Structure formats: C-alpha cells, structure tokens
C-alpha cells in the first residue's frame, strides 16, 4: 500500500472522527464524556491564546489547526498529527484554523503514568534509559492510532461496555504511541530513576509548594541529582528552568484566583508567593499581556473557551 493510499485512509478515519465529535458536542470548548479520561473539544472560531498547565495527554485533531507555545518554542498541529505531553507543562494554546462551517474538532485522552508502567510490566516491553528529551512533541499519526482513537470515541454509543472495553482501547493507544518514533517520551517515564522520571518528581514538588521559596539544593537532593544536573535535565524536559516553571505556576494560579474570588491583586500576589506587589504586577503583565486588573476585566468581558 502506498503512502498516498495510507494517508487517504487516515483522512477517511479522521472525517469519521470529526462526525463523532460533532455528534457528542453540543457547545463550544472542552466537554467531558462518560469515559473519564476522554474529552472532546469543539471551537467554531479562532481563539486567543489561553495559558494553562497541560497535564500528560495525547490530543488528536480531526479538523482545524492549533498552535501551542512552550516558552519560546512554537508547535503547530492539525489533521494527520497528534500532540503528546508526558509531564505537566505550562503552555499557551490557541486555535488558529476554525469557522462555523468547519469548526476545530479534537479528541484529548489524559494519560496516567501508572497505566504506562502497568502496560510495561504486563507485556514485558523494554524501556531502556536514554538522554532526557522534551516532554512535548507533535508527531505524524498513523492508521492504527487513528483507528483506535475512533473506536474509543464510538464506545460512547454503548456506555454499558465502557468499563470493560475502554481500558483495552486506551492500552492499545498507549502501545501504538510507545512503538512510534516519538515513543521514547513515554518510555523514559517507565525507566526507574531516569532523568525524565526524576524531573517529573521535581515538577510535582514545585506544583505542591509553588507559593514557597524555591530551594534548588533540596529539590536536587530529593531527586538524587546535583544542582547543576537538575537545572540541565529540567530544561531539557520542560524547556525552562525550575524557577521559570515555578513563576508560570504562580502566575496562572494568581489569574485563577483573581477570576474566581473578590480579592485585590496585591493580596493574590502575596498568596501565590510574591513579596512585592510591583514585581507581581510586572511579571503578570509580561506573561498575560496586561496588568492583573486590566487582564481580569478583559477576560470577564470576553471569556475565552478552548
């Protein structure tokens, strides 16, 4: 079978997947399903950039295109691509190709590292240690992965079968990514003591204590690394330093608090770990484009759904 024939079969599956997403989505944005780790995404117009902590997941686009920024790195993906993240990463994302006749339609499957480890243990897959890699990639999908994702979404038609069949289909999806050229991103999470798994542990610590001073020596010791090694591997995996990562977490939490509570900017800045209101306002504006009060006013007037 030629590459052209295979691509056409993938496009046919994606067209079917787009139909299923439209069938199960009745509003804009991210919509949960009866499969807990599966969400469907629909946007009928181009969106502004939205900042978020993106947890481990695979996203397969059936229609439209999206752009994601990780620090200074830009990633763009659409049909025939999948987007993979293996550790929690602070990113911004926006839909760049969508309209009411051809909305952006995508499937997101959250990934549980425990499922990856279980698959490795039960199937005796090999996961050799290798250099740390960026925990985010855009890769070309294949027919097997696209078909497995389509079958998972179609399982929504028979909810009584979800408990038995969904875990099998999710395992198939994980296996197909594992075998892909970008599968090393998953494989490193399954290697005990790998630099990627150690960085994942440090990320967990930073997120849990984001409002506290960052003590690199303590984080490095807990990860069984030197401070210089932690800096190097953390940046290789996340694209930023531990301090830059903490800053992103702090500012995104501050934005959430300002949107959900009647608190002033200075108070929120203190709550997320800033000692200086001016520094908080300056760094907030650098990330989100406007100072806290102006940014929250803009969001309340023009809420973004993505």
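Numbering (the working numbering), first residue to last: 1 to 306.
Every residue gets a Cβ at the ideal spot worked out from N, C-alpha and C, and that includes glycine.
Just so it is clear, the structure is predicted and the values come from calculations on it, not from any experiment.
Asked, Found
"Does DSSP put residue 306 in a helix, in a strand, or in coil?", "Its pLDDT being 49, under 50, residue 306 is placed unreliably by the model, and the measurement read from it follows with that caveat. Residue 306: coil per DSSP, three-state reduction."
"For residue 89, which option in 27, 15, 40 and 241 has the closest C-alpha, if you only look at C-alpha atoms?", "241"
"Can you list, in chain order, the residues of its chain with a C-beta nearer than 8 Å to that of residue 235? Leave out the 5 residues immediately preceding and following it.", "241"
"Round the Cβ separation of residue 94 and residue 137 to the nearest angstrom and send it over; I've been treating them as touching at under 8 Å.", "Residue 94 to residue 137, Cβ: 19 Å. No contact."
"If you draw a straight line from the alpha carbon of residue 224 to that of residue 52, how long is it in whole angstroms?", "29 Å"
"Are there 16 or more other CB atoms within 10 angstroms of the CB of residue 192, so buried, or fewer, so exposed?", "exposed"
"Return the residue from the list 69, 159, 269 and 43 that minimises the CA-CA distance to residue 33.", "159"
"When burial is assigned at 16 or more other CB atoms within 10 Å of the CB, is residue 177 buried or exposed?", "buried"
"Could you tell me how far apart the beta carbons of residue 185 and residue 114 are, in whole angstroms, since I believe they sit closer than 8 Å?", "Incorrect: roughly 17 Å between the Cβ atoms, too far for contact."
"Hey, how far is the Cα of residue 101 from the Cα of residue 63?", "11 Å"
"What number of angstroms, rounded off, separates the C-alpha of residue 306 from the C-alpha of residue 194?", "Only weak support is given to the placement of residue 306: the predicted model assigns it a pLDDT of 49, under 50, and the value that follows is read from those uncertain coordinates. Cα to Cα, residue 306 sits roughly 34 Å from residue 194."
"Residue 28 and residue 11 look like a contact to me (Cβ under 8 Å); what is the Cβ gap, rounded to whole Å?", "About 25 Å; that fails the 8 Å criterion."
"Throw me the rounded Cβ distance for the residue 250 and residue 210 pair, which I believe falls under 8 Å.", "5 Å"
"For residue 104, which residues from the same chain have a beta carbon less than 6 Å from its beta carbon, with the 5 sequence-adjacent residues on both sides left out?", "43, 64, 95 and 98"
"So residue 35 and residue 155 are supposed to be a Cβ contact under 8 Å. How far apart are they, rounded?", "7 Å"
"Are residue 109 and residue 173 closer than 9 Å when you measure CB to CB?", "yes"
"Could you work out which residue in 232, 23 and 255 is closest to residue 157 when comparing CA atoms only?", "23"
"If we ignore side chains and look at the alpha-carbon of each, how far apart do residue 218 and residue 146 end up?", "43 Å"
"Mind checking whether residue 227 and residue 111 have CB atoms under 9 Å apart?", "no"
"Hey, residue 106 and residue 169 are a contact pair by Cβ (cut 8 Å); roughly how many whole angstroms apart?", "Actually they are not in contact, since the Cβ atoms of residue 106 and residue 169 sit about 17 Å apart, beyond 8 Å."
"Taking just the CA atoms, how far does residue 123 sit from residue 91?", "33 Å"
"In its own chain, which residues sit with a C-beta less than 8 Å from the C-beta of residue 231, not counting the 5 before and 5 after it?", "216, 241 and 242"
"Please determine, among 9, 245, 121 and 201, the residue with the shortest C-alpha to C-alpha distance to residue 79.", "9"
"Compare the Cα-Cα distances from residue 48 to each of 40, 268, 66 and 39 and report the closest residue.", "66"
"Decide if residue 197 is buried, meaning its Cβ has at least 16 other Cβ atoms within 10 Å, or exposed.", "buried"
"Have a look at residue 254 and residue 143 and give me their C-alpha separation to the nearest angstrom.", "42 Å"
"If distances are taken between C-alpha atoms only, which option among 162, 167 and 248 comes closest to residue 203?", "248"
"Looking at the unbroken alpha helix (DSSP H) that takes in residue 29, where does it start and where does it end?", "Note, residue 29: premise wrong, no alpha helix (DSSP H); beta strand (DSSP E) at 29-32."
"At what residues does the alpha helix (DSSP H) containing residue 92 begin and finish?", "Looking at the DSSP string, residue 92 is not in any alpha helix (DSSP H); the run it does join, the beta strand (DSSP E), is 89-97."
"With burial defined as no fewer than 16 other Cβ atoms inside 10 Å of the residue's Cβ, what is the status of residue 259: buried or exposed?", "exposed"
"Quick one: Cα of residue 46 to Cα of residue 141, how far?", "24 Å"
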